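First the structure, in the form of structure tokens, and then the observations on it.
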Amino acid sequence: MALYELLHKVSFDEIAPFLSKSYDAGRRCDYLKELIEKYDLAKGLNQHNSIISISASPKHPLQPQEFETLQRLLYRIVSEPQFCLKADDALEEDLRIDFAFYSM
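Residue numbering for the sequence shown is 8 to 111, as defined by my numbering.
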């Protein structure tokens with residue numbers, strides 16, 4: 008089932024956002040990774056039926072190595088995540104990760 012088809016068949020139980028404020032596009036991924044690991048921010052996020060949305064500005068898009076870093080980290084924490092990449096002009100140099108959990 009494609010992600011857009013899935014979104015029309017589910018109800019979202021919870022959305023948990025993480026937003027980087029490193030003010031440096033070169034460190035934003037490392038900053039989020041550090042926060043998630045150091046403060047165990049993903050505790051309780053290991054649920055089935057999760058979608059992880061990663062948003063960045065088109066002026067400062069998510070780089071392939073950033074996506075790989077976040078994927079490796081989140082695959083260790085979340086069981087079978089589905090990733091969705093989004094563009095958000097308001098983010099400027101920042102990066103946002105939203106965790107959504109759904110039930111069918």
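For glycine and all other residues, C-beta sits at the position ideal for the given N, C-alpha and C. Since the model is a prediction, treat every value here as computed from it, not as a measurement.
Please state the DSSP three-state secondary structure of residue i.
i: residue 92; result: strand
i: residue 39; result: helix
i: residue 8; result: Unreliable placement is indicated for residue 8, whose pLDDT of 48 sits below 50; the coordinate value is still reported in the next sentence. Residue 8 falls in the coil class under three-state DSSP.
i: residue 48; result: coil
Could you name the residues of the same chain whose beta carbon sits closer than 6 angstroms to that of residue i, not counting the 5 residues immediately before and after it, in chain order?
i: residue 32; result: 67 and 100
i: residue 71; result: none
i: residue 74; result: none
Beta-carbon within less than 7 angstroms of residue i's beta-carbon, same chain only, minus the 5 sequence neighbours each way: which residues are those?
i: residue 96; result: 64 and 65
To which residues does DSSP link residue i through a beta bridge?
i: residue 57; result: 108
i: residue 102; result: 63
Fill in: Completely contained alpha helix (DSSP H) runs for the region 63-93, where each covers 4 or more residues
71-84
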